[in-house]
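Peer 1:
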Amino acid sequence: MKLETLTQVNAERAARHPVIVVTDVANGDQRLVKAKDIATDPLSAELSKQLRMGKSGMVEAGGKKLFFNVYAPTARLVIVGAVHISQALAPLARSLDYDVTVVDPRTAFASPERFPDVPLIAEWPDVALPPLNVDHYTAFVALTHDPKIDDPALLHAFERDCFYIGALGSRKTHGKRAERLKAQGASDADIARIHAPIGLSIGAVSPSEIAVAIMAEITAELRLAKETAKVQAA
Amino acid sequence: MLNRDEDILQAAENWQKAGHGVALATVVETWGSAPRPAGSSLVINDDGTFLGSVSGGCVEGAVVTEALDVIASGKPKMLEFGVADETAWNVGLSCGGTIRVFVEKVGQS
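For the protein sequence lines, the chains are G and B, in the order given. So for the first sequence, my numbering puts the first residue at 1; every next one is plus one. So for the second sequence, my numbering puts the first residue at 1001; every next one is plus one.
(1) Of all the options F163/G, A157/G, V103/G, which has the alpha carbon lying nearest to the alpha carbon of E187/G?
(2) Since R1100/B sits in a beta bridge, which residues does DSSP pair it with?
(3) What's the C-alpha gap between V9/G and H17/G?
(4) Quick check on T228/G: buried or exposed, where buried means 16 or more other Cβ atoms within 10 Å of its Cβ?
(5) Am I right that A1023/B and I1099/B are in contact with their C-beta atoms under 8 angstroms? What's the rounded C-beta distance?
(6) Using CA coordinates, which residue listed in A204/G, K182/G, L6/G, V205/G is at the minimum distance from I194/G?
(7) Are three or more beta carbon pairs between the segment 1069-1076 of chain B and the segment 1100-1107 of chain B nearer than 8 angstroms?
(8) Tell me whether F67/G sits in a helix, a strand or coil according to DSSP, three-state version.
(9) Identify the contact partners of T1026/B in chain G, using a Cβ-Cβ distance below 7 angstroms as the criterion.
(10) With DSSP collapsed to three states, give me the class of V21/G.
(11) If you drop the 5 nearest sequence neighbours on each side, which residues of the same chain put their C-beta closer than 7 angstroms to that of P125/G?
(12) What residues are listed by DSSP as bridge partners for R94/G?
(13) Would G1039/B pass as an interface residue toward chain G - the criterion being a Cβ-Cβ separation below 9 angstroms?
(14) With a cut-off of 8 angstroms on the beta carbons, I'd call V70/G and G54/G a contact; round off their distance for me.
(15) Assign I202/G to buried or exposed, taking buried as 16 or more other Cβ atoms, counted over all protein chains shown, within 10 Å of its Cβ.
(16) First and last residue of the alpha helix (DSSP H) that includes S1055/B?
(17) So which residues of chain B does V10/G contact, with C-beta pairs closer than 9 angstroms?
(18) Once the 5 residues before and after L92/G are set aside, which same chain residues still bring their CB inside 6 angstroms of it?
(19) Beta carbon of G175/G, beta carbon of E217/G: below 9 angstroms?
(20) Per DSSP, Y164/G forms a beta bridge with which residues?
(21) Compute the distance between the beta-carbons of L66/G and T23/G, then report whether it is under 9 angstroms.
(22) For T7/G, decide whether its Cβ has a neighbour in chain B, counting only Cβ atoms nearer than 9 angstroms.
(23) Kindly list, in the order they appear in chain B, the residues whose Cβ is closer than 8 angstroms to that of Y172/G.
(24) Are the C-beta atoms of A220/G and some chain B residue less than 9 angstroms apart?
(25) Are the segment 82-97 of chain G and the segment 107-115 of chain G touching, with three or more C-beta to C-beta distances below 8 angstroms?
(26) By how many angstroms is the C-alpha of T1026/B removed from the C-alpha of H145/G?
(27) Just to check my reading of the structure: R171/G and P147/G have Cβ atoms closer than 8 angstroms, yes? What is that Cβ distance to the nearest angstrom?
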């Protein structure tokens, strides 16, 4: 790999832009394709397929065996609510290589003593969330149980392309939340994006177990191809 | 904490800029039960220092040795590792899978 290519890959990744490095494994010829240039690339169909799956792999094209190395940005988890579950969720998500940020305007909750080494933003969602640039590689969870905090946070998430949205609360709580959010302009499609009750159904009781259920659900959303997920649901 | 892919590539850049010979080894294909998916990488410098992994630790030693050759020659190589051959005491993957690893020099023109 040329140093120039490597430097570009590192710079694009630091900016959270996906890139694909295409290598002809027969002779080592290599080129870098930025996500924004895929549409006009001769191999656009193959490139966009691999990027969508987020998977590196060998592709045969034009009689050549090419290796597509897909560098997707590091997955990120935005946790709204510096609550007990979040104290278990933040370190678990970090152990799974997520960049974690916790948002809660209540300074008694969002304290470094409760969240050592985790970036904390003690602001209301309307102030805290826009600078985070929630993107396609972000999972977003609202855990405060307080509509004053969770509702504006979820409305913000709806405007973004995050791959997962989850909100804590029973079916009954979620029903009421859906009504409130719709009254504030959310569509049925927006509401349908929320995973609620949050987490895979594994009978989780303790905060740590609920954290496992949440990360399992986020992992499934990240890794299972949409087609597969639909087949399993059918 | 495990090294992430971006840490590994950043190390490759830093080593190269510090004047080291550096090679990048990347899993390009896997068959059967393989420990790390395609795209997993290992960077190696001319001290033999390495970061990352291409398997669960089964074949890293062999990859590092080959990588030092690649740093010296500048020519990329494709390596293949399968089930361990017990009679020859070769390195191999005890999980029964097969992986192909592409090894290239960083900074080749």
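Where is the CB? At the ideal position from N, CA and C, for every residue including glycine.
Peer 2: Here's the rundown:
(1) Here residue 187/G is Ser; the residue named in the question, Glu, does not match the sequence. Among F163/G, A157/G, V103/G, the Cα nearest to that of S187/G belongs to A157/G.
(2) E1029/B, E1080/B
(3) Rounded to whole angstroms, V9/G to H17/G spans 9 angstroms at the Cα level.
(4) Residue placement at T228/G is flagged as unreliable, the pLDDT there being 46, under the threshold of 50; the coordinate-derived value follows with that caveat. Result: exposed.
(5) Their Cβ separation, rounded to whole angstroms, is 17 angstroms, which puts A1023/B and I1099/B out of contact at 8 angstroms.
(6) K182/G
(7) yes
(8) strand
(9) The contacting residues are N69.
(10) strand
(11) So the qualifying residues of the chain are V80, V103, I149, P152, A153, H156.
(12) Bridge partners of R94/G: none, in fact.
(13) Residue-level contact by beta carbon holds for G1039/B and chain G, with a gap shorter than 9 angstroms.
(14) 6 angstroms
(15) exposed
(16) Under the DSSP assignment, S1055/B falls outside any alpha helix (DSSP H); it carries neither an H nor an E label.
(17) Reading off the sequence, residue 10/G comes out as Asn, not Val. Ordered by position in chain B, the residues that pass the 9 angstroms Cβ test against N10/G are E1006, L1009, Q1010, A1012, E1013.
(18) A211, M215
(19) no
(20) A139/G
(21) yes
(22) yes
(23) Checking the sequence shown, residue 172/G turns out to be Lys, not Tyr. Near K172/G there are no residues of chain B at all, since even the closest Cβ is about 40 angstroms away, more than 8 angstroms.
(24) Answer no: the Cβ-Cβ gap between A220/G and chain B never drops below 9 angstroms.
(25) yes
(26) One alpha carbon belongs to H145/G, the other to T1026/B, and they sit about 45 angstroms apart.
(27) That belief does not hold up - the Cβ atoms of R171/G and P147/G are roughly 16 angstroms apart, past 8 angstroms.
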